[in-house]
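J.: Just so you know, we're using this note's numbering here: the sequence shown kicks off at 250 and counts up by one.
Dumping the structure here so I can ask a few things about it.
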Amino acid sequence: MKIRWLILFFPLVSVVGLSLLVMEHAAKAAPPQGAAAKAEVPAAAKGAKSAAPAQGAGSLSIPETVLAVNSDKPMSERVVHYEIDAKYDAAKYTVDANEVLTYHNLTGQALDHFPFHLYQNAFQPNATWVREAKIMGSRDTAYNKWEAKENGTEEIKSLEVVGQGDLTKDVQFIQPDDGNRDDKTVVDVHLPKAIAPGEYVQFKIAFQTKFPETEARSGWKRDFVLGGQWFPKVGVWWHGAWNCHQYHAMTEFFADFGVYDVKLTVPQYEVVGASGVEVSSVDNPDKTKTVTYHGDDIHDFAWTASPRFKVKEDGVFQGQMGPVKMRILMQPAHWSQVERHEKILRETLEHFERWYGPYPYKTITLVDPEPDSAAGGMEYPTFITGDTSWFMPEGLHVPELVVEHEFGHQYWYGMVATNEFEDAWMDEGINSYTEVKVLDSILGKNTSILDLAGGTTGERESQRLGYVSVSDLDPIAQKAYDYYNGNSYAGITYGKTASVLLTLEGIVGEDTMQKAMHAYFMKYRFTHPTKEDFLKTVEEVSGRDLRWYFNQAIYGSPVLDYKVLRVESFPVNWYEEKKKGARQKDDKDTVYRSYVWLQRKEDFVMPVEVEVVFKDSNDKLEKVREHWDGASRWTKFMYEKKAKVVSAEIDPDHKVQIDRNNFNNSYTAEPNPKPARKLENYWQFVSQWVGQALAWWGV
Ligand SMILES: [Zn+2]
Numbered sequence: 250m251k252i253r254w255l256i257l258f259f260p261l262v263s264v265v266g267l268s269l270l271v272m273e274h275a276a277k278a279a280p281p282q283g284a285a286a287k288a289e290v291p292a293a294a295k296g297a298k299s300a301a302p303a304q305g306a307g308s309l310s311i312p313e314t315v316l317a318v319n320s321d322k323p324m325s326e327r328v329v330h331y332e333i334d335a336k337y338d339a340a341k342y343t344v345d346a347n348e349v350l351t352y353h354n355l356t357g358q359a360l361d362h363f364p365f366h367l368y369q370n371a372f373q374p375n376a377t378w379v380r381e382a383k384i385m386g387s388r389d390t391a392y393n394k395w396e397a398k399e400n401g402t403e404e405i406k407s408l409e410v411v412g413q414g415d416l417t418k419d420v421q422f423i424q425p426d427d428g429n430r431d432d433k434t435v436v437d438v439h440l441p442k443a444i445a446p447g448e449y450v451q452f453k454i455a456f457q458t459k460f461p462e463t464e465a466r467s468g469w470k471r472d473f474v475l476g477g478q479w480f481p482k483v484g485v486w487w488h489g490a491w492n493c494h495q496y497h498a499m500t501e502f503f504a505d506f507g508v509y510d511v512k513l514t515v516p517q518y519e520v521v522g523a524s525g526v527e528v529s530s531v532d533n534p535d536k537t538k539t540v541t542y543h544g545d546d547i548h549d550f551a552w553t554a555s556p557r558f559k560v561k562e563d564g565v566f567q568g569q570m571g572p573v574k575m576r577i578l579m580q581p582a583h584w585s586q587v588e589r590h591e592k593i594l595r596e597t598l599e600h601f602e603r604w605y606g607p608y609p610y611k612t613i614t615l616v617d618p619e620p621d622s623a624a625g626g627m628e629y630p631t632f633i634t635g636d637t638s639w640f641m642p643e644g645l646h647v648p649e650l651v652v653e654h655e656f657g658h659q660y661w662y663g664m665v666a667t668n669e670f671e672d673a674w675m676d677e678g679i680n681s682y683t684e685v686k687v688l689d690s691i692l693g694k695n696t697s698i699l700d701l702a703g704g705t706t707g708e709r710e711s712q713r714l715g716y717v718s719v720s721d722l723d724p725i726a727q728k729a730y731d732y733y734n735g736n737s738y739a740g741i742t743y744g745k746t747a748s749v750l751l752t753l754e755g756i757v758g759e760d761t762m763q764k765a766m767h768a769y770f771m772k773y774r775f776t777h778p779t780k781e782d783f784l785k786t787v788e789e790v791s792g793r794d795l796r797w798y799f800n801q802a803i804y805g806s807p808v809l810d811y812k813v814l815r816v817e818s819f820p821v822n823w824y825e826e827k828k829k830g831a832r833q834k835d836d837k838d839t840v841y842r843s844y845v846w847l848q849r850k851e852d853f854v855m856p857v858e859v860e861v862v863f864k865d866s867n868d869k870l871e872k873v874r875e876h877w878d879g880a881s882r883w884t885k886f887m888y889e890k891k892a893k894v895v896s897a898e899i900d901p902d903h904k905v906q907i908d909r910n911n912f913n914n915s916y917t918a919e920p921n922p923k924p925a926r927k928l929e930n931y932w933q934f935v936s937q938w939v940g941q942a943l944a945w946w947g948v
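Encoded structure:
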């Protein structure tokens with residue numbers, strides 16, 4: 250994250266300098282707005298009843314609780330119920346826990362083995378995560394200097410299957426993706442007796458997790474801890490097989506929906522936040538306390554603790570299904586920004602409910618993690634981390650960007666639970682698209698990222714710039730760990746997908762695209778949709794066959810670059826005109842023959858519009874719109890008019906967001922003054938830095 254800040258600071262300084270130099274009315278630097286911090290934190294008294302009765306071995310089931318959702322019945326097909334009793338040792342950064350997992354076999358067939366993720370084992374020098382991070386890069390860099398504190402472990406101490414006995418010895422490490430024998434992020438457990446379709450099975454697992462100093466997403470920093478990917482977690486039976494990938498440097502997660510009942514025992518001085526709703530908090534005689542959480546219809550559970558969080562929890566969003574409590578845990582040094590965080594969270598919730606569908610959970614917890622912790626910009630069900638700094642002028646929309654992005658994942662991953670290992674574009678990319686829509690609506694189209702001292706940057710262009718430098722490396726539709734490197738993963742998965750969907754919006758229309766997104770959310774929430782489920786939804790809602798586009802933009806890797814190749818205007822009767830001499834040159838009766846040549850420079854074939862502008866001898870302008878299907882390598886348009894061509898522009902309405910080079914899209918007879926062009930180039934350079942920095946920002 251230190252690196253990310255440096256990347257951002259460079260363009261920020263450049264922007265300010267540039268603005269002062271160029272703008273006549275140099276805007277005054279936006280002062281950070283006064284801290285509107287309220288404070289007060291009644292920490293206790295959640296009037297919730299205890300949920301989830303303990304299960305007897307003979308009568309297993311998954312609870313139908315609705316304590317944590319604004320719904321009178323379960324919203325998902327509940328496959329798992331995790332009951333975890335965990336004790337956190339803040340001195341050693343370890344968790345010792347007992348986990349009871351009840352699994353409902355809804356696969357339609359007998360299951361005789363179960364794979365589990367042990368994610369924290371990724372943080373070991375020869376593990377696949379670190380191996381890949383070294384050759385592919387990562388948004389974080391802590392793994393570069395390997396020290397013992399970078400080690401994470403997740404160890405199963407014992408594993409029993411109720412009715413089948415102790416199977417601890419039958420737990421085997423497997424490496425389904427790369428065969429790296431040193432990778433211990435997945436284990437497989439073979440059962441003596443298969444679990445019949447429709448039956449339940451219960452695992453009782455004792456485990457210890459030792460968090461690393463944060464390298465990515467989870468772990469500790471000083472006295473802060475982010476407990477993500479911290480417990481043995483069963484894989485997903487998907488399309489006729491277990492889907493349980495190793496933890497890769499570029500991948501996130503995939504899990505089934507269910508119910509979580511988690512008891513966290515921590516020192517009494519800790520301020521704790523977690524997924525779901527807090528059910529109770531009880532002080533123990535040994536200066537610890539046990540905080541109990543319950544989550545319904547979620548597929549993961551994360552928590553955080555720090556003695557220094559300042560909490561704001563009086564914010565309530567009145568959602569379509571009921572009230573949503575907004576709980577914000579801030580670093581004390583950032584307390585002046587708490588209202589800013591709540592504001593963007595509330596506005597984002599409003600937009601998502603209005604455009605895509607209801608947020609059914611009773612809580613959303615927003616955590617401002619320890620500075621420099623690599624835990625910022627992360628999402629878990631009903632629990633997200635932001636990313637800010639003590640220096641954050643109002644016009645630099647980094648907190649807004651990160652909070653919006655991570656909240657967006659409540660929809661695209663949290664509820665529409667796609668396979669993040671294999672289809673990262675369906676969470677990160679779709680989320681980046683909605684990020685553009687929502688942030689543009691809240692903060693303005695050209696100012697959604699930066700609106701400071703005369704310098705502006707919009708989300709839309711930032712997403713495009715994130716992708717142009719890696720446009721010829723990878724297709725969107727591929728496994729996240731198969732990308733060439735981290736930059737390609739980030740540029741394609743986030744930036745290209747967002748740009749491809751914005752371009753799709755240009756093809757089917759903004760209203761239709763919004764209807765399609767709403768239909769997709771409502772149909773596939775609480776399920777695990779595939780690429781085709783999404784693409785077919787857009788085709789169904791728009792009533793159009795869009796395969797020509799999807800095959801290139803989603804499944805293929807052709808690059809799109811259209812160019813105005815050449816423009817000519819000369820008198821039709823040029824020989825006679827020549828004889829009359831120069832004095833007749835601007836005769837208003839002179840008829841000109843004009844040609845405009847367009848070129849498709851790369852392999853992406855896309856119909857485009859062109860606007861050709863003519864000017865007659867009275868300086869009157871005429872605009873002509875043309876349509877080119879782009880099928881051939883080049884085409885030309887010919888005109889005979891008493892006017893010359895003064896400009897030609899491809900995609901004049903800026904509907905195509907995936908053109909790698911926008912600078913060759915237009916021709917102007919009277920070119921811009923040089924300084925302006927120079928400024929434009931400089932600004933492009935600066936924006937590119939911002940774009941790349943931000944592409945890595947949120948995961
Ligand atoms: Zn993300």
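Virtual Cβ for every residue (Gly too), placed ideally from N, Cα, C.
When you compare only the Cα positions, how much space is there between LEU809 and VAL854?
T.: In the sequence shown, counting from the first residue as 1, residue 809 sits at position 560. In the sequence shown, counting from the first residue as 1, residue 854 sits at position 605. LEU809 and VAL854: Cα-Cα distance of roughly 7 angstroms.
J.: Leaving out five residues on either side along the sequence, give the residues of the same chain with a beta carbon under 6 angstroms from the beta carbon of CYS493.
T.: In the sequence shown, the residue the question calls residue 493 occupies position 244. Once the five neighbours on either side are set aside, the close Cβ partners of CYS493 are PRO364, VAL435 and GLY484.
J.: If I measure Cβ to Cβ from PHE912 and keep anything under 6 angstroms in the same chain, skipping five residues before and after, which residues do I get?
T.: Position 663 of the sequence shown, counted from the start, is the residue given in the question as residue 912. Cβ within range, chain order: n/a, list empty.
J.: Out of curiosity, what's the CA-to-CA distance linking ARG882 and ARG471?
T.: Translated into positions along the sequence shown, residue 882 becomes position 633. Translated into positions along the sequence shown, residue 471 becomes position 222. One C-alpha to the other measures close to 59 angstroms.
J.: Is the distance from the Cβ of PHE503 to the Cβ of MET664 below 8 angstroms?
T.: What you label residue 503 is simply residue 254 of the sequence shown in a count that begins at 1. What you label residue 664 is simply residue 415 of the sequence shown in a count that begins at 1. In this structure, MET664 does not lie closer than 8 angstroms to PHE503 by Cβ.
J.: According to DSSP, which residues form a beta bridge with ASN492?
T.: If you number the sequence shown from 1, residue 492 lands on position 243. DSSP, once it has assigned bridges, lists VAL485 as partnering ASN492.
J.: Please work out which residues of its chain come closer than 6 angstroms, Cβ to Cβ, to TRP486, disregarding the five sequence neighbours upstream and downstream, and give them in chain order.
T.: One-based indexing of the sequence shown puts residue 486 at position 237. Closer than 6 angstroms at Cβ, skipping near neighbours: THR356.
J.: Roughly how many angstroms lie between the CA atoms of GLU588 and ASP689, to the nearest whole one?
T.: As a position in the sequence shown, residue 588 is number 339, starting the count at 1. As a position in the sequence shown, residue 689 is number 440, starting the count at 1. For GLU588 and ASP689, the distance between alpha carbons rounds to 20 angstroms.
J.: So, is GLY879 buried or exposed, given that buried needs 16 or more other C-beta atoms within 10 angstroms?
T.: Taking the sequence shown and counting its residues from 1, one reaches residue 879 at position 630. Per the 10 Å Cβ criterion, buried.
J.: What are the start and end residues of each continuous alpha helix (DSSP H) run of 4 or more residues lying completely inside the segment 748-822, in chain order?
T.: Runs found: 759-773, 780-791 and 796-799.
J.: Among the candidates SER555, GLY758 and ALA455, whose CA atom is the shortest distance from the CA of LEU408?
T.: As a first step, residue 408 must be located in the sequence shown, where it is residue number 159. Selected option, being the one with the closest Cα: ALA455.
J.: Using the Cβ count rule (16 or more neighbours within 10 Å means buried), how would you classify VAL441?
T.: Translated into the one-based positions of the sequence shown, residue 441 becomes position 192. The question names Val, yet the displayed sequence has Pro at residue 441. It counts as exposed.
J.: State the DSSP-derived secondary structure class of ASP563, mapped to helix, strand or coil.
T.: Counted from its first residue, the sequence shown places residue 563 at position 314. Strand at ASP563.
J.: Are the CB atoms of GLU677 and THR500 within a distance shorter than 8 angstroms?
T.: To locate residue 500, count along the sequence shown from 1; it is residue 251. To locate residue 677, count along the sequence shown from 1; it is residue 428. It is not a contact, given that the beta carbons lie outside the stated cut-off.
J.: Let me confirm a value: GLY805 is counted as buried when at least 16 other C-beta atoms fall within 10 Å, else exposed. Which label applies?
T.: Here the question's residue 805 lines up with position 556 in the sequence shown. Classification for GLY805: exposed.
J.: Given ALA944, which residues of its chain have a CB within under 7 angstroms of its CB, disregarding the five upstream and five downstream residues?
T.: On the sequence shown, position 695 is the one that residue 944 refers to. Note that ALA944 has pLDDT 48, beneath the 50 cutoff, so the model's placement of it is unreliable and no number is given.
J.: Nearest to ALA554 by alpha carbon, out of ALA726, PHE473 and ASP868?
T.: Residue numbering aside, residue 554 sits at position 305 when the sequence shown is read from its first letter. When each option's Cα is compared against that of ALA554, the closest is PHE473.
J.: Just to confirm my understanding: we take ILE593, look at its own chain, exclude 5 residues before and 5 after, and list those with CB closer than 8 angstroms. What are they?
T.: Stepping through the sequence shown from its first residue, residue 593 is reached at position 344. Only PRO648, GLU649, VAL652, GLU653 and ILE691 meet the Cβ criterion.
J.: Report buried or exposed for ASP672, applying the criterion of at least 16 other Cβ atoms within 10 angstroms of its Cβ.
T.: The sequence position of residue 672 within the sequence shown is 423, counting from 1. ASP672 should be labelled buried.
J.: Taking C-beta to C-beta, are TRP552 and GLY522 nearer than 8 angstroms?
T.: On the sequence shown, residue 552 is found 303 positions in, with the first residue counted as 1. On the sequence shown, residue 522 is found 273 positions in, with the first residue counted as 1. Result yes, Cβ atoms of TRP552 and GLY522 sit closer than 8 angstroms.
J.: Measuring only the C-alpha atoms, how far is ILE953 from ALA490?
T.: Lying before the first or after the last residue shown, residue 953 is absent from the chain, which here runs from 250 to 948.
J.: Using alpha carbons as the reference points, say which of ILE899, LYS872, HIS903 and ASP902 lies closest to LYS890.
T.: Here residue 890 refers to the residue found at position 641 when the sequence shown is read from its first residue. Considering only alpha carbons, the answer is LYS872.
J.: Hey, quick one: how far does the beta strand (DSSP E) through ILE547 stretch, first residue to last?
T.: On the sequence shown, residue 547 is found 298 positions in, with the first residue counted as 1. Taken as a continuous stretch (DSSP letters only), the beta strand (DSSP E) holding ILE547 covers 537-547.
J.: Identify, in the order they occur along the chain, each residue of the same chain with its Cβ nearer than 6 angstroms to the Cβ of LYS433, setting aside the five sequence neighbours on each side.
T.: Start at 1 with the first residue of the sequence shown, and residue 433 comes out as number 184. Excluding positions up to five away in sequence, the list reads ASN370 and PHE422.
J.: Give me the DSSP bridge partner(s) of LEU408.
T.: Here residue 408 refers to the residue found at position 159 of the sequence shown. Beta-bridge pairing links LEU408 to ILE454.
J.: Tell me whether MET575 is buried or exposed, calling it buried when 16 or more other Cβ atoms sit within 10 Å of its Cβ.
T.: Here the question's residue 575 lines up with position 326 in the sequence shown. Classification for MET575: buried.
J.: Is the segment 610-619 close to the segment 764-779, with three or more CB pairs under 8 angstroms?
T.: Short answer: they don't touch.
J.: Using beta-carbon positions only, say whether ILE311 and VAL508 come within less than 8 angstroms of one another.
T.: Position 62 of the sequence shown, counted from the start, is the residue given in the question as residue 311. Position 259 of the sequence shown, counted from the start, is the residue given in the question as residue 508. Taking 8 angstroms as the Cβ cut-off, ILE311 and VAL508 qualify as a contacting pair.
J.: Pick out whichever of ARG842, TYR368 and LEU814 has its Cα sitting closest to the Cα of GLU826.
T.: Working through the sequence shown from its first residue, we reach residue 826 at position 577. GLU826 has its Cα closest to that of ARG842, out of ARG842, TYR368 and LEU814.
J.: Work out the CA separation of MET579 and PHE770 for me, nearest whole Å.
T.: Within the sequence shown, the letter at position 521 stands for residue 770. Within the sequence shown, the letter at position 330 stands for residue 579. About 31 angstroms.
J.: Find out if the Cβ-Cβ distance for the pair VAL821, PHE886 is shorter than 8 angstroms.
T.: Indexing the sequence shown from 1 puts residue 821 at position 572. Indexing the sequence shown from 1 puts residue 886 at position 637. No, the Cβ-Cβ distance between VAL821 and PHE886 is not below 8 angstroms.
J.: Determine the direct distance from the alpha carbon of SER308 to that of GLU332, and round the result to whole angstroms.
T.: By 1-based counting over the sequence shown, the position of residue 332 is 83. By 1-based counting over the sequence shown, the position of residue 308 is 59. Rounded to the nearest angstrom, the two C-alpha atoms are 16 angstroms apart.
J.: Locate the alpha helix (DSSP H) running through ILE198, then write down its first and last residues.
T.: The requested residue 198 does not occur in the structure, where the chain is confined to residues 250 to 948.
J.: Just checking HIS221 against ligand 1 - is the residue's beta carbon closer than 7 angstroms to any of the ligand's heavy atoms?
T.: With the chain running from 250 to 948 in the structure shown, residue 221 is simply not present.
J.: Once DSSP output is grouped into helix, strand and coil, what is the label at VAL652?
T.: Position 403 of the sequence shown, counted from the first residue, corresponds to residue 652. Here VAL652 sits in helix by DSSP.
J.: Is TRP823 buried or exposed, if buried means 16 or more other CB atoms sit within 10 Å of its CB?
T.: Reading the sequence shown from its first residue, position 574 is the one you call residue 823. Exposed is the call here.
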